[in-house]
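Colleague:
In the working numbering, the protein residues as written are 3 to 390.
So this is what it looks like as structure tokens:
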């Protein structure tokens, strides 16, 4: 038996945040990152609609790009004093991830992060509050997923929380909120979303529901990603929906070693997550084609890419990804990104071991050893073709 879980309600399209005025409750906490939500006027709208709903609101702001344990626990204190019956995460992946974690410890103060990081073992939520997620970037998909990642800055330990309990009750995907993204943010979040869809489509636990979402998402991104990067408003709106489809796909099919590699090198080499995914994706497709060639070839056919054989079709997919990177000024290799050979070689053993141990490795379509992971990183560093 398989399971497929998404938010109970998904509101999408221009002006979708207006649905907030129909929420039923007394108090809502709003969790945000930086000041862009304020500057764009989006926060004023959100607070206004919640006021129309008859709710008092409390703001928790300043969530960093990698949400920390300290930030989460400070937010929990605010919630314990304010006692909200709605928690609303607004922004990219970080504020929404942080809000999900705050939700857990607001409802279960004695719980620990070590317990929370045990996959699919959270106690039942919604005893105190429901959760709404409003995404303002087009990439993470966290508004529809059962995942959150929190970092302990004192130890460097990352706590990946995976549990259907933290799938939001309501997701709001309003393309108006994505129009102010910078080109670089469009590029990085767009390639993150594309990687979500690709990895879900070849996952070992993929199914008919996740396949449908992933392939539609890929089709939409092929059509709209570069146009969105160039500033086309309609394309940016389409990308906002496409990344949500990819989010629903990978929340249920999980991911693969592109994310394993990105998770374990992002902080150590200071590579933005979406940029790291973009660099690694072509090399991982080459590695995975021994077991997932048929699936990649099917993607190529659906996209109308050239090729008469499976090998040619997979190569066309690789070239498409590289063409996206080229057009959006994303480096092709770790060396081009600016990592020195000495730094790379000094940390190669560590990042290879940690990447193999990452939870996402378990659903990659081809098994990988530490030695193979080292070779894969070397290919991604120098730009060599993966032929093992």
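Each residue gets a CB set at the ideal place from its N, CA and C atoms; glycine is no exception. Owing to the predicted nature of the structure, the values given are computational and were not obtained by experimental measurement.
With H, G and I counted as helix, E and B as strand and the rest as coil, what does DSSP make of residue 262?
Modeller: Reduced to three states, the DSSP call for residue 262 is helix.
Colleague: Nearest-angstrom Cα distance between residue 245 and residue 219?
Modeller: Each residue's alpha carbon lies about 7 Å from the other.
Colleague: Could you spell out the range, first to last residue, of the beta strand (DSSP E) harbouring residue 140?
Modeller: From DSSP, residue 140 is part of no beta strand (DSSP E); its letter is neither H nor E.
Colleague: Using only the alpha-carbon positions, how far apart do residue 226 and residue 293 sit?
Modeller: Each residue's alpha carbon lies about 29 Å from the other.
Colleague: What is the C-beta distance between residue 148 and residue 161, in whole angstroms, given that I count them as a contact (C-beta under 8 Å)?
Modeller: Not quite, the Cβ-Cβ distance comes to about 15 Å (not below 8 Å), so this is no contact.
Colleague: Can you look up residue 29 in the DSSP assignment and give me helix, strand or coil?
Modeller: Reduced to three states, the DSSP call for residue 29 is strand.
Colleague: Taking buried to mean at least 16 other C-beta atoms within 10 Å of its own C-beta, is residue 15 buried or exposed?
Modeller: Residue 15 is exposed by the Cβ-count criterion.
Colleague: Report the rounded CA-to-CA distance for residue 110 versus residue 139, giving the unit in angstroms.
Modeller: Going by the C-alpha atoms only, they are around 30 Å apart.
Colleague: Identify whether residue 365 lies in helix, strand or coil by the three-state DSSP scheme.
Modeller: If DSSP states are grouped into helix, strand and coil, residue 365 belongs with the helices.
Colleague: So, with DSSP's three-state summary, where would you put residue 253?
Modeller: Residue 253 falls in the helix class under three-state DSSP.
Colleague: Which residue's Cα is closest to the Cα of residue 317: 330, 302, 326?
Modeller: Out of 330, 302, 326, 302 has the C-alpha closest to the C-alpha of residue 317.
Colleague: Classify residue 233 as buried or exposed, calling it buried when 16 or more other Cβ atoms lie within 10 Å of its own Cβ.
Modeller: Looking at its Cβ environment, which holds fewer than 16 other Cβ atoms inside 10 Å, residue 233 is exposed.
Colleague: Can you tell me which of the three DSSP states residue 230 falls into?
Modeller: Helix, per DSSP.
Colleague: Below 8 Å on the Cβ atoms is my guess for residue 32 versus residue 59; work out the distance and round it to an integer in Å.
Modeller: With a Cβ gap of about 6 Å, residue 32 and residue 59 count as contacting.
Colleague: Taking 8 Å as the cut-off, decide whether the C-beta atoms of residue 144 and residue 99 are in contact.
Modeller: Yes, Cβ-Cβ distance for residue 144 and residue 99 is below 8 Å.
Colleague: So, for residue 28: in the same chain, excluding its five sequence neighbours on each side, which residues have a beta-carbon less than 8 Å away from its beta-carbon?
Modeller: Within the same chain, residue 28 has close Cβ partners 56, 57, 58, 87.
Colleague: I need the DSSP call for residue 40, collapsed to helix, strand or coil.
Modeller: Of the three classes helix, strand and coil, the one that applies to residue 40 here is helix, per DSSP.
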